[in-house]
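Trainee: Numbering (UniProt numbering), first residue to last: 1 to 343. All C-beta atoms in this analysis are idealised placements derived from N, C-alpha and C, irrespective of residue type, glycine included. Predicted model, so just to flag it, every value in this text is computed and none were measured.
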Amino acid sequence: MSYGGDEDRRSFLLTTNWVFFSISLFLVTLRLVSRRMLEKNKWQIDDGLIILAIFVILLKTIWMTVNVSLGYGRHLTDLLAEDPVKTMKWARSSYGINAFAFWTFTLPKLPVVALLVRLFEVRNQHLGKILWTLLTILIIWNTLMTIVTFVQCTPVEKNWHPMTPGTCWNPKIYLNLGYFSGAYSATLDFIFALYPILQVSKLQMETSRKIIIAASFSLGIPAGVVTLYKLTTIETLINQNDPTFATVPLDTWNCVECIALITAATIPMTRPIMSLVGRHFKEVVSRISGWSSTGSRDNTKTSKGSSTMDSGARMNQFSQRNGYRMQKSHDDILLQESRLDNV
């Protein structure tokens, strides 16, 4: 993969960062609209955390845009030949965004954990402590990584200005810390995806609906796969010869990982609005089919009227019940207590 070319990757960087952010923002908006307008529910803590996550991703995208304007995405030798002062500004900014990038794949996990605890803690009272502890370890580790990003060289300026007199740690130390951060992050993605699938499989409901709900929670698996692949690009962090160009693949996969995490955190709670859109789409298709038919027009009109009445009844039932509800069952108390019946 060329990541935008062999000479200038700036357009590629801007496109990938803003396109992926726009998709993430769209998904978050769907989730919030689904919960507030369709389910008539107040936003929960996981909704607030997803807003925090998308805000952090926005800051990172804006920061990356500034870096690109300073020359990120071009070869360092070309930048130094054109404007050494501007290049040094980029070098300082690049270290800031490298540290900030750790939080773009950490914070999106917060709403995932909050959602899982809210949905499934009714069956496992220790679930919240376990999941939050696992995530806290990642937060502590990435806090350490953020600090190490700056303190690995003395004075700090030597990090982005190698000619400055001073000393630095062996770069492999920072690299190995980054490998652990990525590997542990991927492990959490797999855990957060597989646990709800196992829980949903125990519920008493139609198999088809089990599959749909389980599939919506399984989107954390692609996020874990992306994180594992991203590990193959981490070594570019210690590339001192051409850091303005060599680290583009790492940033690209950071973007992909962000949208994968946002997708995993939003899709499970967008089923109401997806169902609403699906019903309207079916009605439109049904009407188009009716208009194109030259046969039994009376039957078509009757069918349309019946379909509209059924749809109206379903919509009324939807708004009154705040989503899909199963018949009361002792084994399915999870559905009623946690509102998983709206997923």
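For Asp8, does the three-state DSSP call read helix, strand or coil?
Mentor: If DSSP states are grouped into helix, strand and coil, Asp8 belongs with the strands.
Trainee: Please report the Cβ distance between Leu131 and Val117, rounded to the nearest whole angstrom; I am assuming they are in contact, meaning their Cβ atoms lie under 8 Å.
Mentor: That pair is a contact at about 6 Å.
Trainee: Once you ignore the five residues that flank Asp242 on each side, which residues in its own chain have a CB closer than 8 Å to its CB?
Mentor: Answer for Asp242: His75, Leu76, Thr77, listed in chain order.
Trainee: Rounded to the nearest angstrom, what separates Gln199 and Pro111 at their Cα positions?
Mentor: Roughly 19 Å between the two C-alpha positions.
Trainee: Taking only three categories from DSSP, how would you classify Thr167?
Mentor: Thr167: strand per DSSP, three-state reduction.
Trainee: In whole angstroms, what is the alpha-carbon distance linking Glu257 and Lys42?
Mentor: C-alpha separation (whole angstroms): 29 Å.
Trainee: So, with DSSP's three-state summary, where would you put residue 349?
Mentor: Outside the shown range of the chain, which is 1 to 343, sits residue 349, and nothing can be said about it.
Trainee: Just how far apart, CA to CA, sit Leu228 and Val113?
Mentor: Distance between the alpha carbons of Leu228 and Val113 is about 20 Å.
Trainee: Can you tell which of Asn98, Leu115, Leu188 has the C-alpha that lies nearest to the C-alpha of Arg145?
Mentor: Note that residue 145 is Met in the sequence shown, not Arg. With distances taken between Cα atoms, Met145 lies closest to Asn98.
Trainee: Find the nearest neighbour of Tyr179 within the set Thr65, Asn142, Gly220, judged by alpha-carbon distance.
Mentor: When only C-alpha atoms are compared, the closest one is Asn142.
Trainee: Taking one C-beta from the segment 61-74 and one from the segment 266-273 each time, how about it: are there three or more such pairs within less than 8 Å?
Mentor: Contact between the segment 61-74 and the segment 266-273 is absent, because fewer than three Cβ pairs lie under 8 Å.
Trainee: With distances taken Cα to Cα, identify the nearest neighbour of Trp160 among Phe192, Ala101, Phe120, Thr87.
Mentor: Of Phe192, Ala101, Phe120, Thr87, the residue nearest in Cα terms is Thr87.
Trainee: Let me know the secondary structure DSSP gives Thr247 once reduced to three states.
Mentor: Here Thr247 sits in coil by DSSP.
Trainee: Where does Asp310 fall in DSSP's three states?
Mentor: With a pLDDT of only 48 at Asp310, under the threshold of 50, the placement of this residue in the model should not be trusted; the figure read from the coordinates follows. Three-state result, Asp310: helix.
Trainee: Inspect the beta-carbon positions of Pro222 and Ala186 and report whether they are closer than 7 Å.
Mentor: It is not a contact, given that the beta carbons lie outside the stated cut-off.
Trainee: Over what stretch of residues does the alpha helix (DSSP H) that includes Leu110 continue unbroken?
Mentor: Start and end: 109-120.
Trainee: So the alpha helix (DSSP H) Thr233 belongs to, where does it begin and stop?
Mentor: Note, Thr233: premise wrong, no alpha helix (DSSP H); not H, not E.
Trainee: What residue range is occupied by the uninterrupted alpha helix (DSSP H) comprising Met88?
Mentor: Counting along the chain, the alpha helix (DSSP H) containing Met88 begins and ends at 84-104.
Trainee: Per DSSP, what are the beta-bridge partners of Thr154 in this structure?
Mentor: DSSP, once it has assigned bridges, lists Thr167 as partnering Thr154.
Trainee: Quick check: what's the CA-CA separation for Thr15 versus Asn254?
Mentor: Roughly 14 Å separates the two Cα atoms.
Trainee: Tell me whether Glu283 sits in a helix, a strand or coil according to DSSP, three-state version.
Mentor: Here Glu283 sits in helix by DSSP.
Trainee: Return the Cβ separation of Ala183 and Leu231 in integer angstroms, given the expectation that the two are a contact with Cβ distance under 8 Å.
Mentor: About 7 Å; that satisfies the 8 Å criterion.
Trainee: Our contact map puts Val248 next to Tyr3 with C-beta atoms below 8 Å; I'd like the distance itself, whole angstroms only.
Mentor: Yes, they are in contact, since the Cβ atoms of Val248 and Tyr3 sit about 5 Å apart, within 8 Å.
Trainee: Would you decide whether Lys301 is buried or exposed? Buried here means 16 or more other CB atoms lie within 10 Å of its CB.
Mentor: Any answer about Lys301 is weak, because its pLDDT of 49 lies below 50 and its placement is not dependable; what the coordinates show is given next. With fewer than 16 Cβ atoms within 10 Å of its Cβ, Lys301 is classed as exposed.
Trainee: Determine the DSSP secondary structure at Tyr179, reduced to helix, strand or coil.
Mentor: Tyr179: helix per DSSP, three-state reduction.
Trainee: For the alpha helix (DSSP H) that contains Arg209, what are its first and last residues?
Mentor: Arg209 -> alpha helix (DSSP H) spans 207-217.
Trainee: Return the CA-CA distance between Leu30 and Pro155, expressed in angstroms with no decimal places.
Mentor: Approximately 47 Å, taken between the alpha carbons.
Trainee: Do you know how far the Cα of Gly278 is from the Cα of Arg287?
Mentor: Distance between the alpha carbons of Arg287 and Gly278 is about 14 Å.
Trainee: Let me know the secondary structure DSSP gives residue 355 once reduced to three states.
Mentor: Because residue 355 is not part of the residues shown, which for the chain are 1 to 343, the question remains open.
Trainee: Rounded to the nearest angstrom, what separates Ile51 and Glu157 at their Cα positions?
Mentor: Spanning the two alpha carbons is a distance of roughly 34 Å.
Trainee: Does the beta-carbon distance from Leu27 to Ile262 come in below 7 Å?
Mentor: A contact, by the Cβ cut-off of 7 Å.
Trainee: Short of 6 Å in beta carbon distance, which residues of its chain neighbour Leu49, apart from the five on each side in sequence? Order them along the chain.
Mentor: Cβ neighbours of Leu49 beyond the five flanking positions: Leu110, Pro111, Ala114.
Trainee: Kindly indicate which residue of Val151, Arg35, Asp8, Gly71 has the alpha-carbon position closest to the one of Leu276.
Mentor: Nearest of Val151, Arg35, Asp8, Gly71 to Leu276, Cα basis: Arg35.
Trainee: Can you grab the Cα-Cα spacing for the pair residue 369 / Leu203, in whole Å?
Mentor: The requested residue 369 does not occur in the structure, where the chain is confined to residues 1 to 343.
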